[in-house]
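**Q** For the sequence shown, the positions run 3 to 181 when the numbering used here is used.
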Amino acid sequence: MTTLVTGVAGFIGSHVAQALLAKGEQVIGLDSLNVYYDVALKKARLANLQNQSGFTFHKVNIADRNALKQAVSKHQDIDRVVHLAAQAGVRYSLTNPEAYGEANLIGHLNMLELARALPNLKHMVYASSSSVYGANTKLPFSVVDPVDQPMSLYAATKRSSELMSHTYTHLYQLPLTGL
């Protein structure tokens, strides 16, 4: 089995890749290595993964459709996608809104299109955020809670990615799970 992991240099992405590799699976990792937080930390995580058999890395911004297609075209055996790449952080969205539109909207759309084109895809899992619950004060949050009033641009982009995913499942029977 071959899994494509986006955001592979991030905390969660690197641990997902590590767990898959420990099971003897093939992992194709993508990350843009953006400067949102310490790039040296991301490179250290990558170094741990690159020393392992079965791991391949491509430095790719998922918002760059052509670069994304080119990187993945070398790996036609991908049957699962764990899409974790995103621009995170509520505060940063106040000063850098374009980063959220690029990564969380365009990037997510590109990933949906990529997944739709993968001939062997069994499933794609993608990350949303608890921020989609907005000003909801009821705890714990529930999947039946209203999510139609996001309180930040970050939350709005993550909710939008959920809606895009729902549409792709409906239109193309794309097997998706949002976290």
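For glycine and all other residues, C-beta sits at the position ideal for the given N, C-alpha and C.
Cβ atoms of D81 and T4: under 8 Å apart, would you say?
**A** Contact flag set, yes.
**Q** Looking at the unbroken beta strand (DSSP E) that takes in H125, where does it start and where does it end?
**A** Note, H125: beta strand (DSSP E), H125 to Y128.
**Q** Verify whether the separation of the beta carbon atoms of G56 and L86 is less than 8 Å.
**A** Against a cut-off of 8 Å, the Cβ pair of L86 and G56 comes out as no contact.
**Q** Could you compute how far the alpha carbon of K61 sits from the alpha carbon of S132?
**A** Computed Cα separation, rounded: 28 Å.
**Q** Could you check where the beta strand (DSSP E) with Q28 kicks off and where it finishes?
**A** Q28 -> beta strand (DSSP E) spans Q28 to D33.
**Q** So who's on the other strand from V7, going by DSSP bridges?
**A** Answer by DSSP bridge pairing, in chain order: G31 and V84.
**Q** Could you tell me how far apart the beta carbons of L70 and L116 are, in whole angstroms, since I believe they sit closer than 8 Å?
**A** Indeed they touch by this definition, with Cβ atoms about 6 Å apart.
**Q** Leaving out five residues on either side along the sequence, give the residues of the same chain with a beta carbon under 7 Å from the beta carbon of R47.
**A** These residues qualify, in order along the chain: A11 and S16.
**Q** Which residue wins for smallest C-alpha separation from G31, given the options L141, E164, Q89 and A73?
**A** Ranking L141, E164, Q89 and A73 by Cα distance to G31 puts A73 first.
**Q** Here's the rule I'm using: 16 or more other beta-carbon atoms within 10 Å means buried, otherwise exposed. How should G109 be labelled?
**A** With 16 or more other Cβ atoms within 10 Å, it is buried.
**Q** Can you name, in chain order, every residue of its own chain whose Cβ lies under 6 Å from the Cβ of H125, other than the five neighbours on each side?
**A** Result list for H125: R82 and P177, in chain order.
**Q** Would you kindly check if the distance between the Cβ of L107 and the Cβ of S34 is under 8 Å?
**A** Result no, Cβ atoms of S34 and L107 do not sit closer than 8 Å.
**Q** Strictly by DSSP, which residues pair up with K61?
**A** D33, per the DSSP bridge assignment.
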